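Numbered by our numbering, the letters in the sequence shown go through residues 15 to 201 in order. From the three backbone atoms N, C-alpha and C, an ideal C-beta is built for every residue, glycine too. Since we're looking at a predicted model, the values are computed, not measured. Notes follow once the structure below has been shown.
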Amino acid sequence: LSSFAKFNIEGPNVVEFLQYLCSGNVNVPVGSIVYTGMQNEQGGFVSDCAICRLEEDQFFAIVPPVQQLRFCLWLKKWVKKLGHKIYVGDVTGHYTVLDVVGPSSRALMEKLTGESMSRCDFPSFSIREIAIGMATGIRALSLTHTGELEWEMYIPNEVNDIIFSHLFESHRCLFLRFMNRAYLMLK
Numbered sequence: 015l016s017s018f019a020k021f022n023i024e025g026p027n028v029v030e031f032l033q034y035l036c037s038g039n040v041n042v043p044v045g046s047i048v049y050t051g052m053q054n055e056q057g058g059f060v061s062d063c064a065i066c067r068l069e070e071d072q073f074f075a076i077v078p079p080v081q082q083l084r085f086c087l088w089l090k091k092w093v094k095k096l097g098h099k100i101y102v103g104d105v106t107g108h109y110t111v112l113d114v115v116g117p118s119s120r121a122l123m124e125k126l127t128g129e130s131m132s133r134c135d136f137p138s139f140s141i142r143e144i145a146i147g148m149a150t151g152i153r154a155l156s157l158t159h160t161g162e163l164e165w166e167m168y169i170p171n172e173v174n175d176i177i178f179s180h181l182f183e184s185h186r187c188l189f190l191r192f193m194n195r196a197y198l199m200l201k
């Protein structure tokens with residue numbers, strides 16, 4: 015998931031702006047995630063993305079890697095066309111993404127963060143900032159692409175080493191398996 019494009023989208027009219035571009039309702043409570051499409055003027059497909067509401071006037075968008083440039087240009091075109099004061103920042107290179115999946119994922123996330131990851135405290139399709147040890151600024155998303163219990167952690171690159179050392183310490187007691195895209199392609 016690290017290869018997926020990531021954007022910060024913010025400004026005083028950001029909800030109105032995204033409501034105009036997205037087919038899904040993105041006017042959701044802070045901490046919510048909406049999986050939606052963006053369509054052009056004819057209703058044709060421009061992009062599919064996960065739109066995460068971080069603050070009242072700040073969103074985080076996750077887009078497939080092949081749509082990175084298209085998505086960025088599309089947003090900037092409409093910022094200019096609509097005259098909104100919206101900042102669109104490509105932050106793809108700022109984060110490494112770890113996907114924690116499986117029946118022990120909740121236990122691992124609770125062990126790493128010291129916080130409750132129960133369905134009540136961290137429901138599906140929600141996002142919140144977490145800390146792991148001294149590493150802060152981690153965006154944790156509770157959503158699934160596999161049907162399994164799953165969290166995506168968007169980790170600022172400068173704290174990667176801290177996260178990996180915590181994971182390696184935890185892997186012995188929770189029987190973790192580390193996999194990457196190359197491994198999955200061999201299966």
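| request: Return the chain-ordered list of same chain residues with a C-beta closer than 8 Å to the C-beta of GLU162, the five sequence neighbours on each side being excluded. | output: Taking the sequence shown and counting its residues from 1, the one referred to as residue 162 is at position 148. Once the five neighbours on either side are set aside, the close Cβ partners of GLU162 are VAL115, GLY116, PRO117 and SER119.
| Okay, do the stretch 65 to 72 and the stretch 81 to 96 touch, 3+ Cβ pairs below 8 Å being the bar? | Proximity of the stretch 65 to 72 to the stretch 81 to 96 falls short of the contact definition, fewer than three beta-carbon pairs being nearer than 8 Å.
| Hey, how far is the Cα of GLY45 from the Cα of ASN174? | The residue you call residue 45 lines up with position 31 of the sequence shown. The residue you call residue 174 lines up with position 160 of the sequence shown. The straight-line gap from Cα to Cα measures roughly 23 Å.
| First and last residue of the uninterrupted alpha helix (DSSP H) at GLN56 | As a position in the sequence shown, residue 56 is number 42, starting the count at 1. GLN56: not part of any alpha helix (DSSP H); DSSP gives it neither H nor E.
| query | Just to confirm, are ILE141 and ALA154 a CB contact at a threshold of 8 Å? | reply | Within the sequence shown, numbered from 1, the residue matching residue 141 stands at position 127. Within the sequence shown, numbered from 1, the residue matching residue 154 stands at position 140. Yes, the pair counts as a contact, with Cβ atoms nearer than the cut-off.
| CB-CB length for VAL21 against PRO79, believed under 8 Å | To locate residue 21, count along the sequence shown from 1; it is residue 7. To locate residue 79, count along the sequence shown from 1; it is residue 65. In the sequence under discussion, the amino acid at residue 21 is Phe, which differs from the Val named in the question. The C-beta distance from PHE21 to PRO79 rounds to 13 Å, too long to fall under 8 Å, and the pair is not in contact.
| task | Please say whether ILE76 and VAL28 have beta carbons closer to each other than 8 Å? | result | Residue numbering aside, residue 28 sits at position 14 when the sequence shown is read from its first letter. Residue numbering aside, residue 76 sits at position 62 when the sequence shown is read from its first letter. At least 8 Å separates the beta-carbon of VAL28 from that of ILE76.
| query | Mind checking whether VAL93 and VAL105 have CB atoms under 8 Å apart? | reply | For the purposes of this step, residue 93 is taken as residue 79 along the sequence shown, with counting starting at 1. For the purposes of this step, residue 105 is taken as residue 91 along the sequence shown, with counting starting at 1. No, the pair does not count as a contact, with Cβ atoms beyond the cut-off.
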